[in-house]
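Add 256 to the 1-based position in the sequence shown for our numbering, that's all there is to it.
Quick reminder that beta carbons are idealized off the backbone N, C-alpha and C, glycines included.
Each remark here refers to the structure printed beneath this line.
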Amino acid sequence: GTDAVTTVTGYRGRSVQIKCSYTSGYENYNKYLCRGECSNWISSNDVPVQSGSPAKDSRFSLHDDTTAKVFTVTITDLRPEDGGTYWCAIERTWSDIYTKIQLLVKMDVPVSSTVSQSTHTTSILMSSSVHAWNTHPTTATPLNEINKQTSIPTPHDIPGKPVYIVMGAGAVLFVVAVIIAIYCKIKDQGSETVTQSPRK
């Protein structure tokens with residue numbers, strides 16, 4: 257065994273990986289994870305998982321990367337009782353090689369990751385609201401419609417729409433102005449005809 261202790265931290269309900277490195281020459285040896293107090297013989301130890309055999313606990317799995325000379329034990333659905341001392345072990349005929357691991361299981365996930373995720377979501381919703389407002393100036397878009405948008409419009413998708421709106425509004429204003437001008441002209445001509453008739 258060795259006096260060095262590697263501390264690994266995991267969170268309840270999540271998965272955690274314990275990486276165990278070994279020296280050249282042990283690539284084809286049996287590797288296992290031992291829990292609690294471990295003697296030099298694998299048969300007398302609490303071994304939740306070992307290479308080449310089905311895991312005793314289905315939440316444990318072992319992958320041996322012989323190229324990198326690292327075997328990785330993954331524990332899923334972490335529970336508070338999973339915390340404690342483990343040993344990365346390599347089985348040998350005379351005595352096994354052990355590396356001590358201290359697994360800490362914390363109750364809550366770090367707050368920072370949750371905050372950054374919610375901030376990211378908020379910025380997307382705000383962007384969606386702005387685009388919805390720009391393309392539909394007279395109507396407010398309900399929040400559930402914004403959430404249904406699968407992608408935020410890219411800048412090159414948008415410029416055409418305001419141009420059409422401005423051109424349309426300009427055309428309408430122009431037609432209205434022409435109608436008013438014609439109406440005023442007709443009205444003026446009519447009043448001139450009325451004022452001139454008595455002279456005849």
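Does the segment 303 to 310 touch the segment 266 to 274, meaning 3 or more C-beta pairs lie closer than 8 Å? no
Based on Cα-Cα distance, which residue from Val361, Thr355 and Thr322 lies nearest to Cys294? Position 38 of the sequence shown, counted from the start, is the residue given in the question as residue 294. Nearest of Val361, Thr355 and Thr322 to Cys294, Cα basis: Thr355.
Need the endpoints of the beta strand (DSSP E) that Gly340 sits in, please. Within the sequence shown, numbered from 1, the residue matching residue 340 stands at position 84. It spans Gly340 to Ile346 - the beta strand (DSSP E) in which Gly340 sits, taken as one unbroken run.
Please name the residue in Thr323, Ile442 and Lys443 whose C-alpha comes closest to that of Ser280. Translated into positions along the sequence shown, residue 280 becomes position 24. Among Thr323, Ile442 and Lys443, the Cα nearest to that of Ser280 belongs to Thr323.
Hey, how far is the Cα of Tyr285 from the Cα of Ser299? For the purposes of this step, residue 285 is taken as residue 29 along the sequence shown, with counting starting at 1. For the purposes of this step, residue 299 is taken as residue 43 along the sequence shown, with counting starting at 1. Between Tyr285 and Ser299, the C-alpha separation is close to 16 Å.
If you draw a straight line from the alpha carbon of Ala260 to that of Gln306, how long is it in whole angstroms? As a working mapping, residue 260 is identified with position 4 in the sequence shown. As a working mapping, residue 306 is identified with position 50 in the sequence shown. When rounded, the distance between both Cα atoms is 22 Å.
Just the C-alpha distance for Asp352 and Trp343, rounded to the nearest angstrom, thanks. The residue you call residue 352 lines up with position 96 of the sequence shown. The residue you call residue 343 lines up with position 87 of the sequence shown. Using only the alpha carbons, I get a separation of about 11 Å.
With respect to the beta strand (DSSP E) encompassing Asp302, which residues constitute its N-terminal and C-terminal limits? Against the sequence shown, residue 302 aligns to sequence position 46. Asp302 -> beta strand (DSSP E) spans Asp302 to Gln306.
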